[in-house]
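S.K.: Mind having a look at this structure? Questions to follow.
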Amino acid sequence: MREKRKISRRAFLKTAVAGIGGMTLALNGGGAAAQEKSPAKPKPAKKVLGVDVIKVGGQGVISGAHADYGWQIQAGATLAIEEINAKGGILGSKLELKFMDEELKPAVAVKNARYLATDWGAHLLFGVDSSGSAMAVGPILPELDRICVFDHASTHRLTEELVYGKGIKQIFRIAAPVYQESNLAALIFKEFPNIKRWAGIHCDYEYGYSTWALFQDTLKKYRPDVEFVSIAWAPFWTMDFSSHISAVMAANPDAIHATPWAGEGVMLLRQALMMGVFDKIQAWFQCMGGSVDLLEGISNEVAAGKFKDKLWATARYIHNYPDTPENKKFVESFRKRWNRFPNYSAENAYSTIYVFKAALEKARSLKTSDLIKALEGLKIMTPAGERYFRPEDHQAIYAVPGGRVVKDPNYPLPILGDLKIFSPQAYYRNPPFEPLKMGK
Amino acid sequence: MKTRLAVLILLFLLALLPFYAGKYALYVAIHILLLSIFSLGFNLLFGYTGLLSFGQAGFYAVGAYGCGKILLAYPSLLAGIVGGVLLAGAVSLLLGILCIRHTRIYFSMLTLSFGMMIFSLAWKWRDMTGGDDGLVGIPRAPLEVPGLFKINMAAMENYYYVVLGFAVLAIYLFHRIIHSPMGLAMQGIRDSETRTACIGISVQKYRLVAFTIAGLYAGLAGALLPPLESTVTPPLAHWSHSAEPVLATLLGGIYAFSGPIVGSVLFYLLKDIIVRFTEYWLICLGIIVVILVMGFRGGVVGIFVREGSRR
Amino acid sequence: MKDIIRTESLGKYFGEMAAVHEVNLRLQEGLFTSVIGPNGAGKTTLINLLSGYMLPDRGKIYFREKEITRLGPDKRVKLGISRSFQVMNIFPRMTVFQNILLPVLSRLNKTSSAFSSLQSQKEAVGEAEKILGEVWLQEEKDFPAGELSHGDQRLLELGIAVATNPQVCFLDEPSSGMNPIERIKVLELVKKLASERKTTFIIVEHDMDIVFSLSDWIVVMNRGEVLAEGKPGEIRENQEVRDIYLGEEI
Amino acid sequence: MGFPLFMIEGKDMETLAFQGLVGLSVSMYLWLLAAGLTIVFGVLGVLNFAHGSLFMLGAYFAFTYYGLWGVNFWLAIAMSLLSVGVVGYFMERFFLRHIYHMDHAFQLLLTFGFILIFDDAVKMIWGGVAKIPPMPSFFEGTVSVVGRPFPVYNLFIIGAGVAVAIVVWLLFEKTWWGKMVRASASDREMASAIGINIPRLFTGVFAFGAMLAALGGALGTPVRVVAPGIGSAMIIQAFIITVIGGLGNLKGAFVGALIVGTVSAYGILLFPVFELFLIFLIMAVVLMVKPQGLFGG
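Chains as they are written, first to last, in the working numbering: chain A, 249 to 688; chain B, 33 to 343; chain C, 15 to 264; chain D, 336 to 632.
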């Protein structure tokens, strides 16, 4: 036993030491970083905001099948920051961006937020693609003492439960939430008397559930005569939708309402074409179908008229609307900078930075409490139109139309034509909110 | 003697951490401690009993959801953590009975599928789990024993000490177990199942014990998470999360007591640091795994110490 | 003398092939018994059946007139039946000492204690030390068993087999892969253990000289069946046995 | 407005039959993936976690040749098979070959390491954004089955699945190479004793398995997107199939694929809520009842 014990002693000693080494080294590193970078104590400078650089920490998914969204967020924010810095920054302080991959994993998003705020020293946070990540990041903002502008995650719960319900004032959302996909769609299709039988092919997670539930509630209000005849749920990473499509087509629907997005949306639509769906139905509403990556993905099929003008879509911003100088300028400079069309996530991020600018200039301070005051009720002109941050739930109110996916000679990729425009009040849920029932 | 000294130094440094480390470093430290507990339990199965489980994240998630639900209903840290651990233990005992009849690949596949069943439950049983949004707004409840004491946990420093306490306890107990007769029996099973049976030891019994203990450890790691993050989401149960203790343990060394702990430190810091410089941290990790399997199955500890590299 | 192991028309079949067929054995306590026979005669299978390592397809097994046919190996060890393996089967990653300690702990029913240190198991440690001595492995006690020489691993295998303090112990070619001198050493050790420990050994062995010089009783198997059994003298005279071993000098 | 767990009511025979056919196409596609995995395990005894990554590589190569370079579709597929075959060759020759003697756990871990490497490697080469290959025109159009449009492409996939099954069967049952492989699978010592060059044979088998994976990936490109991670998204399903059927048993894998494909198809139609859960449940139950899988042991 003796010899043996000696061995294992040595084993433990060395490794223990290694452990301490690793631990302390890294932690001291982190610690030091935190001390010097902590924005809490401003450096002696005559800058209004007290810092030379305003650090902006963003995140989005930049890996996997949905990577384009993160890329677009990054691109939009970068463009805005370059513009602002070129004009001398905000109140004399330049902006600096650090962007991280949230991997669509809430745990990662939280870790990133903590790293950005407490180690890298971000003054302002924005981003996050998935609802789960948003719902996870929201609650820790008070502890981090930072505001975060969410520019993609769309669950209504973020603003209705966390801000309006739990009173987490550090949360703001610049993007239109699921109302866009459900209530707007309902408002459009209540005008189609022949479409009576609706089917759904939806994401097998919160986004799909709430969108489908809300769509049914709202449409029923205007059209008691419609039926919702069948539904198929597609888990994350569904690549073969043929079972889902045939399952819902079995009920002979007049129209289909679908949420799978990004690459999955493209696969769904191409496979629907293959299965001759568009010969049978009258309309297909593709939520977020106005997203650039999706439009690029089905560009050939649209050009060939395979969808027979039955494909409808919306997005939280569409590059061909509104017809304003702000929007024209944004699209042009985005295309010049990145040589691609801006996605809604890009516009959201771009506007987010300008929202920061407006808030900082109004508050003339980096204190979270001041920024919250400045942002509540803020009205600001953005490429997507005028946005108004509702004080009750910190949700930005602005109008985005839905329309048919069509080819336009002036654009290399499909656009939304035959636009149906409603005032936001018409399709936004308004306080007081009561939680929405989602049988599923 | 030397060992004791090293351990004391380590404990001392960890105890003083909040005084010389920043907020984020503290947060990282907590996560490393959780991963260490998680990996230790895993290695009782893998390194000491010879069973590679790809479903440990399932029990981690049970612990996390259990603790989360309790804290949302009754804000007492101890109740949450203990409840979560016990729940995870019960589940692992139950599934263990079904799993231990299998070995090698079949065991790995069965644990994988049970883990994924828990994942899909977390995803689908929305009234209970909140679906993919998960359980939100879980309070970091105070540590209290009614009538005795009550410590506020709002400051992360305080919670760090709670985690440190549980981690030290878990590691100490683990050390006792693997150096006990039962630990020896498990190693016997790892080295030769048939031989162990033919000296009068019930292989299945000790497999089940190891499986349950591993589940309890996973559950403890999981139960300590919600108070930190205030959220619990399904990815915690996904097989890719089960892979983390596997990689950490492999990195540190599966044949040494301290392997999983050292591995957890390296694994977490490695990822945390690489991620800051490149989004391609997976490929670095993959290369490390390949190199370890090809050449250094004893892991880092094995490289340091002859004992570790023994096959 | 009374039977310690008795079988009734024991059979084990692999598809068409009868590894063991209609075997009715009476192994008597205290008789040093050898099982011999050409390769594929079913010797190892027989031991696997008797030790519970395999379950028979047919027939019954009795230990001291108590039926154990369906008992698992670990249960049989508790009754006092133990074995060694033809293909080396030790605990390679544990130390030699632990290799012996584990079976001892198992016999003392201590393996379920989860928090006491090994050193604190005074009784077991003492016994293990003693057994190490009996199999000449004191010096190597702290080596990892996997790093021992082949001969020493054989000794260890033997040590593990006797460490559960069995009443009957099956040894499957305890001297395989050893040179003649080592063989004699090992088998004399076995004989010594038999007398000191009051253990009834049943061994499978190829070296006829050793078998006939050591055994009190010899069982000859061929094609899964028992061809003959008896005292060495009788077996030497047996014509059938001579036939299956023809050429070989008995 | 909750949905009942079980929605059989109002599902006529045509619907069920049609869904079954769709399920068949799903099954056959899964079979393409499971076949290679099974062969590699059956012969080399290694459960290749990275099989899904080879599937992904197949898709990327096919996309590059057909979608980017405009090579003829069939030629592009052949080229992608070869490319992935070469990748497989190197994987076996320089890595797997050295771990056959090791515990299954380490083999699983090594191939797991390759998943991480391949996933990031394609991200470096092709970028993180999902690629959308064009659809060859001859796959467009549908045929009418029980009065409903069924895609030509899905018919083609069914055909391809059956074809692969036949080819593999002929290869292993009727050719000298197949006989050698089976001999070495059952007894390596004996095989090398009678002069079979085991290492080279195994390299060949692994490359062959890799090419089958690539075939699945390549044939998927017309209707799927190509993105990092599509491999790891598929591998678990492939595992379930092979385990249900009995690891290393081709007949088992074929049946397993049929079960999983059909169950998921009907699951979506009849149990929209618990489809995901169902497949894992089946696997667990099979293992419980028949530890070696339906056709294994």
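All C-beta atoms in this analysis are idealised placements derived from N, C-alpha and C, irrespective of residue type, glycine included.
(1) Counting only runs of 3+ residues fully inside the stretch 188–257 of chain C, write out the beta strand (DSSP E) ranges in chain order.
(2) List the residues of chain C whose Cβ lies closer than 7 Å to the Cβ of H211(B), in chain order.
(3) Between which residues of its own chain and P174(B) is the CB-CB distance below 7 Å, once the five residues before and five after are set aside?
(4) Between G463(D) and chain A, is there a C-beta pair that is closer than 8 Å?
(5) Who are the neighbours of V560(D) on chain A, taking C-beta pairs under 7 Å?
(6) Just the Cα atoms here: how many angstroms apart are V561(D) and S96(C)?
(7) Just to check, is the beta-carbon of A423(A) closer than 7 Å to a non-hydrogen atom of the ligand SAM?
(8) Can you give, in chain order, each stretch of the beta strand (DSSP E) that sits fully within the stretch 562–634 of chain A and has at least 3 residues?
(9) Residues in the same chain with beta-carbon distance under 8 Å from K245(C), minus the five sequence neighbours each way, listed in chain order, please.
(10) Using the Cβ count rule (16 or more neighbours within 10 Å means buried), how would you classify G631(D)?
(11) Nearest to V621(D) by alpha carbon, out of S388(D), Q354(D), V590(D), R535(D)?
(12) Name the DSSP bridge partner or partners of I95(C)?
(13) So V478(D) and L490(D) are supposed to be a Cβ contact under 8 Å. How far apart are they, rounded?
(14) Here's the rule: buried if 16 or more other CB atoms are within 10 angstroms of the residue's CB, otherwise exposed. What is F139(B)?
(15) Closer than 8 Å by C-beta to F74(B): which residues in its own chain qualify, once you throw out the five before and the five after it? Chain order, please.
(16) With burial defined as no fewer than 16 other Cβ atoms inside 10 Å of the residue's Cβ, what is the status of N658(A): buried or exposed?
(17) Considering only residues of the stretch 337–362 of chain A, which uninterrupted alpha helix (DSSP H) runs meet the minimum length of 4 residues and lie entirely inside it, listed in chain order?
(18) Measuring alpha carbon to alpha carbon, tell me which of A461(A), A382(A), G305(A), A365(A) ends up nearest L684(A).
(19) Given that a residue counts as buried once 16 or more other Cβ atoms are within 10 Å of its Cβ, and exposed if not, what is I479(A)?
(20) Keeping to the same chain, check which residues put their C-beta closer than 7 Å to that of D399(A); ignore five residues upstream and five downstream.
(21) For the stretch 213–225 of chain B, which residues have a CB atom closer than 9 Å to at least one CB atom of chain C, in sequence order?
(22) For the beta strand (DSSP E) that V411(A) lies in, which residues bound it at each end?
(23) In chain order, what residues of the same chain have a beta carbon less than 6 Å from the beta carbon of N500(A), not counting five sequence neighbours either side?
(24) Taking buried to mean at least 16 other C-beta atoms within 10 Å of its own C-beta, is M271(A) buried or exposed?
(25) Under the three-state reduction of DSSP, which class applies to M31(C): helix, strand or coil?
(26) Just to make sure I have the definition right: I need the residues of chain B whose C-beta is within less than 9 Å of the C-beta of R121(C). Which are they?
(27) Please confirm whether D186(C) has its beta-carbon closer than 8 Å to some beta-carbon of chain B.
(28) Please list the residues of the stretch 567–600 of chain D that have a C-beta atom closer than 7 Å to any C-beta atom in chain A, keeping them in chain order.
(29) Using alpha carbons as the reference points, say which of T161(B), L49(B), Y56(B), E176(B) lies closest to I305(B).
(30) Sorted by chain position, which residues of the same chain lie with C-beta nearer than 8 Å to Y427(A)'s C-beta, five sequence neighbours on each side aside?
(31) Just tell me which of Y453(A), V496(A), L435(A) has its CA closest to the CA of P508(A).
(32) Indicate the three-state DSSP secondary structure (helix, strand or coil) for V139(C) in the structure shown.
(33) Is there at least one Cβ from chain A nearer than 8 Å to I467(D)'s Cβ?
(34) Starting from the beta carbon of I493(D), find every residue of chain B whose beta carbon is closer than 9 Å, and list them in chain order.
(35) In three-state DSSP terms, what is G355(D)?
(36) Which residues does DSSP pair with Q572(D) in a beta bridge?
M.R.: The answer reads as follows:
(1) 214–218, 231–236, 239–244
(2) Position 179 of the second sequence, counted from the first residue, corresponds to residue 211(B). Per Cβ cutoff of 7 Å: S131, L132.
(3) Counted from its first residue, the second sequence places residue 174(B) at position 142. Only L109, K182, I183, N184, M185 meet the Cβ criterion.
(4) Taking the fourth sequence and counting its residues from 1, the one referred to as residue 463(D) is at position 128. Judged by the 8 Å Cβ criterion, G463(D) is in contact with chain A.
(5) Within the fourth sequence, residue 560(D) is the residue found at index 225, counting from 1. Neighbours of V560(D) on chain A, chain order: A313, G511, V514, M515.
(6) Translated into the one-based positions of the fourth sequence, residue 561(D) becomes position 226. Translated into the one-based positions of the third sequence, residue 96(C) becomes position 82. The straight-line gap from Cα to Cα measures roughly 60 Å.
(7) This structure lacks the ligand SAM, and indeed carries no ligand of any kind.
(8) 627–630
(9) Taking the first residue of the third sequence as position 1, residue 245(C) is located at position 231. Hits under 8 Å: D230, W231, I232.
(10) Counting from one through the fourth sequence, the residue named residue 631(D) turns up at place 296. Label assigned to G631(D): buried.
(11) In the fourth sequence, counting from the first residue as 1, residue 621(D) sits at position 286. Of S388(D), Q354(D), V590(D), R535(D), the residue nearest in Cα terms is V590(D).
(12) Here residue 95(C) refers to the residue found at position 81 of the third sequence. Looking at the DSSP assignment, I95(C) forms a beta bridge with V182(C).
(13) Along the fourth sequence, one-based indexing puts residue 478(D) at 143. Along the fourth sequence, one-based indexing puts residue 490(D) at 155. The beta-carbon separation of V478(D) and L490(D), rounded to 7 Å, stays under the 8 Å limit for a contact.
(14) As a first step, residue 139(B) must be located in the second sequence, where it is residue number 107. By the neighbour-count rule (16 or more Cβ atoms within 10 Å), F139(B) is buried.
(15) For the purposes of this step, residue 74(B) is taken as the residue at position 42 of the second sequence. For F74(B), where only same-chain residues beyond five positions count, the Cβ hits under 8 Å are S85, Q88, A246, Y249, A250, P277, V278, T281, P292.
(16) Taking the first sequence and counting its residues from 1, one reaches residue 658(A) at position 410. N658(A) is exposed by the Cβ-count criterion.
(17) 354–362
(18) If you number the first sequence from 1, residue 684(A) lands on position 436. Nearest of A461(A), A382(A), G305(A), A365(A) to L684(A), Cα basis: A461(A).
(19) For the purposes of this step, residue 479(A) is taken as residue 231 along the first sequence, with counting starting at 1. With 16 or more neighbouring CB atoms inside 10 Å of its own CB, I479(A) falls in the buried class.
(20) What you label residue 399(A) is simply residue 151 of the first sequence in a count that begins at 1. Contacts found: I321, F374, G375, I422, A423, S593, N596, A597, T600.
(21) P213, M214, G215, L216, A217, Q219, G220, R222, D223, S224
(22) For the purposes of this step, residue 411(A) is taken as residue 163 along the first sequence, with counting starting at 1. Note, V411(A): premise wrong, no beta strand (DSSP E); not H, not E.
(23) Reading the first sequence from its first residue, position 252 is the one you call residue 500(A). Hits under 6 Å: none found.
(24) Taking the first sequence and counting its residues from 1, the one referred to as residue 271(A) is at position 23. The pLDDT assigned to M271(A) is 49, lower than 50, so where the model puts this residue is not dependable; a value taken from the coordinates is nonetheless given after this. Classification of M271(A): buried, given that the 10 Å Cβ count is 16 or more.
(25) To locate residue 31(C), count along the third sequence from 1; it is residue 17. Looking at M31(C) - three-state DSSP - the assignment turns out to be strand.
(26) Taking the third sequence and counting its residues from 1, the one referred to as residue 121(C) is at position 107. Result: I231, G232.
(27) Residue mapping note: residue 186(C) aligns to position 172 of the third sequence, counting from 1. No, because no Cβ of chain B sits closer than 8 Å to the Cβ of D186(C).
(28) A568, S599, A600
(29) Reading the second sequence from its first residue, position 273 is the one you call residue 305(B). Checked all of T161(B), L49(B), Y56(B), E176(B); the closest Cα to I305(B) is Y56(B).
(30) Taking the first residue of the first sequence as position 1, residue 427(A) is located at position 179. The residues are H404, L462, Y675, Y676, R677.
(31) By 1-based counting over the first sequence, the position of residue 508(A) is 260. Comparing Cα-Cα distances from P508(A) to each of Y453(A), V496(A), L435(A), the minimum goes to Y453(A).
(32) What you label residue 139(C) is simply residue 125 of the third sequence in a count that begins at 1. DSSP places V139(C) in the helix class (H, G or I) of the three-state scheme.
(33) Here residue 467(D) refers to the residue found at position 132 of the fourth sequence. Judged by the 8 Å Cβ criterion, I467(D) is in contact with chain A.
(34) Taking the first residue of the fourth sequence as position 1, residue 493(D) is located at position 158. Those do not exist, as I493(D) stays about 27 Å from chain B at its closest Cβ, beyond 9 Å.
(35) If you number the fourth sequence from 1, residue 355(D) lands on position 20. Helix.
(36) Position 237 of the fourth sequence, counted from the first residue, corresponds to residue 572(D). None, per the DSSP bridge assignment.
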